[in-house]
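Asker: So that we are looking at the same thing, I have put the structure below in structure tokens.
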Amino acid sequence: MRIWILTVGEPLPVDGSNERLFRSGLLAQELARRGHDVTFWSSAFDHVRKQWRTGQTETRKIHDPAPYELVLLKGTGYRRNISLARMRDHRAVAREFARLWPSLPRPDVILCSIPIVELATEALKVGCPVALDCRDMWPDIFADAGPSIARPAIKRLLSPLARETTAAFRKADAVLGHTAPFVDWGLQYAGRAKTKWDRDFPFGYTSQEPDAQQLEAAKAFWDVLGVGTDPHRKVLCFFGAISHQFEFDELVMALRTLSPERRRSVQMVLCGDGENRAGLAAAAADLADGSLVVPGWVDRAAIWELMRRSSMGLAPYQDEPMYHSSIPNKVIEYFSAGLPVAWRLSTGLVADMVAQTGCGMVYGTAQRLLSTEFVDGPAARQAAAALFDHRFKADIVYPAFADHLEALAKK
11 MRIWILTVGE
21 PLPVDGSNER
31 LFRSGLLAQE
41 LARRGHDVTF
51 WSSAFDHVRK
61 QWRTGQTETR
71 KIHDPAPYEL
81 VLLKGTGYRR
91 NISLARMRDH
101 RAVAREFARL
111 WPSLPRPDVI
121 LCSIPIVELA
131 TEALKVGCPV
141 ALDCRDMWPD
151 IFADAGPSIA
161 RPAIKRLLSP
171 LARETTAAFR
181 KADAVLGHTA
191 PFVDWGLQYA
201 GRAKTKWDRD
211 FPFGYTSQEP
221 DAQQLEAAKA
231 FWDVLGVGTD
241 PHRKVLCFFG
251 AISHQFEFDE
261 LVMALRTLSP
271 ERRRSVQMVL
281 CGDGENRAGL
291 AAAAADLADG
301 SLVVPGWVDR
311 AAIWELMRRS
321 SMGLAPYQDE
331 PMYHSSIPNK
341 VIEYFSAGLP
351 VAWRLSTGLV
361 ADMVAQTGCG
371 MVYGTAQRLL
381 STEFVDGPAA
391 RQAAAALFDH
401 RFKADIVYPA
411 FADHLEALAK
421 K
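In our numbering, each number is its position in the sequence shown, counted from 1, plus 10.
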């Protein structure tokens, strides 16, 4: 079969030999291993690092391990994840896709991630079954991120994009998502009842150990920074976008209020890049006691080693509707190392999972998190590892996902 995957915003194999792949990258690998002709359409702009992978639209051949094509579509770039500049970039990427696809053999099925709806609009013109995979509740997150008094005005401003989203979901052959509430959200836009083609597949992840050379480099990296080298100091780790979607200021303020003795017993390691990184780095320098470490972006081997030096994985999500309905990739990545999660929100799918299995703690406020004993004992670690093995392992998730796309292609 000829299968196209349209996803913007994930790490890609061309980002480095030690890059960790997410949903679409792992699914592309699974489909290619089955012998399908896979084309993965993405962006020439790196959403994570906010830098260009290439200055023009390019096609690359990937062998990871089976061969498939990766098309990098030239957009306009942006600095902030929720911004008008990002919306302009989405339009430009969709125009590039629209320019290229008519000259290519028609695929048997297309999987298009939401966001971006502009790519979905074009994909629906190709003339084959199309499944929309709900990752973010876009464009609803624009209103959710704004002050409550401004939300009606924001929704009016975004009404053209909402209409385009409605049209795309109504025309799609299948609505998919990483949780059942995300599928329900897409079906609300579609205005129809659920069918057998509408399914949720969780974010799956792989716990594959890096090679020996990469792992030794990672160990040396953390040793130099003094992370996890003091047996009396418990490490709380985070890796991802240092952006508005997480409540970092509260964590830093809570660290500042701790006694010097208590701060010497904890080490918060916040990895990644984004608009808030400079402020966090300044706070780390000001504290100057190793309680806050902000190393910037780190590779897959460094993440693998950091999780194994940590007591808990931080998930300080803002209190927005989308995160209550989500089981983020970050949480599953923690579970892949048997690492309990420190989840901020008091309700939602992850909060329920913590309550039912004991795979971590719901901390509510940073002050409470840092002033109590961490839930990092053997029982919590075993619960996290069991959840990963039974629900979120890539070897479970992506074969089932691939089966569903193959069946949809034959529809």
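Glycine is no exception: its CB is placed at the ideal position from the N, C-alpha and C atoms.
Locate the beta strand (DSSP E) running through glycine 323, then write down its first and last residues.
Answerer: For this step, residue 323 is matched to residue 313 along the sequence shown. Taken as a continuous stretch (DSSP letters only), the beta strand (DSSP E) holding glycine 323 covers 322 to 325.
Asker: Pick helix, strand or coil for methionine 278, following the three-state DSSP scheme.
Answerer: Counting from one through the sequence shown, the residue named residue 278 turns up at place 268. Of the three classes helix, strand and coil, the one that applies to methionine 278 here is strand, per DSSP.
Asker: Compare the C-alpha of alanine 182 against each of Asp208, Pro338, Cys281 and name the closest.
Answerer: The count along the sequence shown starts at 1 and reaches residue 182 at position 172. Taking only the C-alpha atoms, the option nearest alanine 182 is Asp208.
Asker: Determine the DSSP secondary structure at lysine 135, reduced to helix, strand or coil.
Answerer: Sequence index remark: in the sequence shown, residue 135 carries index 125 (1-based). Coil at lysine 135, not helix or strand.
Asker: Whole angstroms is fine: what's the gap from leucine 261's alpha carbon to serine 381's?
Answerer: For the purposes of this step, residue 261 is identified with residue 251 of the sequence shown, where counting begins at 1. For the purposes of this step, residue 381 is identified with residue 371 of the sequence shown, where counting begins at 1. Answer to the nearest angstrom: the Cα atoms are 12 Å apart.
Asker: Could you give the first and the last residue of the continuous alpha helix (DSSP H) run that contains lysine 420?
Answerer: One-based indexing of the sequence shown puts residue 420 at position 410. Neither: lysine 420 is in no alpha helix (DSSP H) and is coded neither H nor E.
Asker: Could you check if glutamine 223 is buried or exposed, using at least 16 other CB atoms within 10 Å of its CB as the buried criterion?
Answerer: As a position in the sequence shown, residue 223 is number 213, starting the count at 1. When all chains shown are included, glutamine 223 counts as exposed.
Asker: Given a cut-off of 8 Å, decide if valine 24 and arginine 70 are closer than it, judged by their beta-carbon atoms.
Answerer: Against the sequence shown, residue 70 aligns to sequence position 60. Against the sequence shown, residue 24 aligns to sequence position 14. Their beta carbons are under 8 Å apart, which means arginine 70 touches valine 24 by this criterion.
Asker: Measuring alpha carbon to alpha carbon, tell me which of Ser27, Glu226, Phe402 ends up nearest proline 338.
Answerer: For the purposes of this step, residue 338 is taken as residue 328 along the sequence shown, with counting starting at 1. For the set Ser27, Glu226, Phe402, the Cα lying nearest the Cα of proline 338 is the one of Phe402.
Asker: From aspartate 146 to valine 360, what does the alpha carbon distance come to, in whole angstroms?
Answerer: If you number the sequence shown from 1, residue 146 lands on position 136. If you number the sequence shown from 1, residue 360 lands on position 350. Near 16 Å, if we compare the C-alpha coordinates of valine 360 and aspartate 146.
Asker: Can proline 75 and histidine 100 be called in contact, C-beta distance under 8 Å?
Answerer: If you number the sequence shown from 1, residue 75 lands on position 65. If you number the sequence shown from 1, residue 100 lands on position 90. No; because the gap between Cβ atoms is not below 8 Å, this pair is not in contact.
Asker: When you compare the stretch 166 to 180 with the stretch 128 to 146, are there three or more beta-carbon pairs, one atom per stretch, that lie closer than 8 Å?
Answerer: Three or more Cβ pairs closer than 8 Å define a contact, and the stretch 166 to 180 meets that threshold against the stretch 128 to 146.
Asker: One question on the structure: do aspartate 283 and tryptophan 307 come within less than 8 Å of each other, judged by their Cβ atoms?
Answerer: The residue given as residue 283 occupies position 273 in the sequence shown. The residue given as residue 307 occupies position 297 in the sequence shown. In contact: aspartate 283 and tryptophan 307 (Cβ atoms closer than 8 Å).
Asker: Compare the Cα-Cα distances from arginine 318 to each of Ser217, Cys138, Pro139, Tyr333 and report the closest residue.
Answerer: Start at 1 with the first residue of the sequence shown, and residue 318 comes out as number 308. Taking each of Ser217, Cys138, Pro139, Tyr333 in turn and checking the Cα distance to arginine 318, the smallest one comes out for Ser217.
Asker: Report back the beta-carbon spacing between phenylalanine 248 and leucine 290 to the nearest angstrom; my notes put them in contact at under 8 Å.
Answerer: In the sequence shown, counting from the first residue as 1, residue 248 sits at position 238. In the sequence shown, counting from the first residue as 1, residue 290 sits at position 280. Their Cβ separation, rounded to whole angstroms, is 10 Å, which puts phenylalanine 248 and leucine 290 out of contact at 8 Å.
Asker: Under the DSSP definition of a beta bridge, which residues are partnered with phenylalanine 249?
Answerer: Along the sequence shown, one-based indexing puts residue 249 at 239. Phenylalanine 249 pairs with Cys281.
Asker: Evaluate proline 388 with the Cβ neighbour count: other Cβ atoms within 10 Å of its Cβ, from every protein chain shown; 16 or more gives buried, anything less gives exposed.
Answerer: The count along the sequence shown starts at 1 and reaches residue 388 at position 378. When all chains shown are included, proline 388 counts as exposed.
Asker: Going residue by residue through the stretch 209 to 249, where are the continuous alpha helix (DSSP H) segments of at least 4 residues, counting only ones entirely within it?
Answerer: 222 to 235
Asker: For the 8 Å Cβ check, are there 3 or more pairs between the stretch 345 to 361 and the stretch 405 to 414?
Answerer: no
Asker: Counting along the chain, where does the alpha helix (DSSP H) carrying arginine 266 start and finish?
Answerer: To locate residue 266, count along the sequence shown from 1; it is residue 256. Run containing arginine 266: 259 to 267, per the alpha helix (DSSP H) assignment.
Asker: Can we say the stretch 11 to 19 touches the stretch 414 to 421, given the rule of at least three CB pairs closer than 8 Å?
Answerer: yes
Asker: Where does valine 234 land, buried or exposed, given buried means 16+ other C-beta within 10 angstroms?
Answerer: Here residue 234 is taken as the residue at index 224 of the sequence shown, counted from 1. Of the residues assessed, valine 234 falls on the exposed side of the cut-off, its CB having fewer than 16 other CB atoms within 10 angstroms.
Asker: For glycine 137 and phenylalanine 345, I'd like the C-alpha separation in whole angstroms.
Answerer: Locating residue 137 in the sequence shown gives position 127, where the first residue counts as 1. Locating residue 345 in the sequence shown gives position 335, where the first residue counts as 1. Distance between the alpha carbons of glycine 137 and phenylalanine 345 is about 40 Å.
Asker: Have a look at Asn286, Lys229, Asp118, Leu121 and flag the residue whose alpha-carbon is nearest the alpha-carbon of arginine 89.
Answerer: For the purposes of this step, residue 89 is identified with residue 79 of the sequence shown, where counting begins at 1. Per the Cα distances, Asn286.
Asker: Output needed for tyrosine 327: all residues of its chain with C-beta closer than 7 Å, excluding positions within five of it in sequence on either side, in chain order.
Answerer: Counting from one through the sequence shown, the residue named residue 327 turns up at place 317. Gln255, Phe256, Tyr333, Arg354, Leu355.
Asker: For the stretch 79 to 99 against the stretch 46 to 61, are there 3 or more C-beta pairs whose distance is under 8 Å?
Answerer: Remark: three or more beta-carbon pairs, one from each stretch, lie closer than 8 Å, so the stretch 79 to 99 and the stretch 46 to 61 are flagged as touching.
Asker: Taking only the alpha-carbon atoms, compute the straight-line gap between threonine 267 and leucine 280 and give it to the nearest angstrom.
Answerer: On the sequence shown, residue 267 is found 257 positions in, with the first residue counted as 1. On the sequence shown, residue 280 is found 270 positions in, with the first residue counted as 1. Rounded to whole angstroms, threonine 267 to leucine 280 spans 19 Å at the Cα level.
Asker: Among residues of its own chain, excluding the 5 on either side of valine 304, which ones have a beta-carbon nearer than 6 Å to its beta-carbon?
Answerer: For the purposes of this step, residue 304 is taken as residue 294 along the sequence shown, with counting starting at 1. The answer, listed in chain order, is Leu280, Leu290, Ala291, Ala294.
Asker: Kindly indicate the opening and closing residues of the alpha helix (DSSP H) around tyrosine 199.
Answerer: Reading the sequence shown from its first residue, position 189 is the one you call residue 199. 190 to 200 is the span of the alpha helix (DSSP H), which, as asked, contains tyrosine 199.
Asker: Rounded to a whole number of angstroms, what is the C-alpha to C-alpha distance between glutamate 315 and glycine 26?
Answerer: Walking along the sequence shown from the start, residue 315 turns up at place 305. Walking along the sequence shown from the start, residue 26 turns up at place 16. Cα to Cα, glutamate 315 sits roughly 18 Å from glycine 26.
Asker: I'd like to check one pair, methionine 371 with valine 385: are the Cβ atoms closer than 8 Å?
Answerer: For the purposes of this step, residue 385 is taken as the residue at position 375 of the sequence shown. For the purposes of this step, residue 371 is taken as the residue at position 361 of the sequence shown. The answer is yes: Cβ separation under 8 Å.
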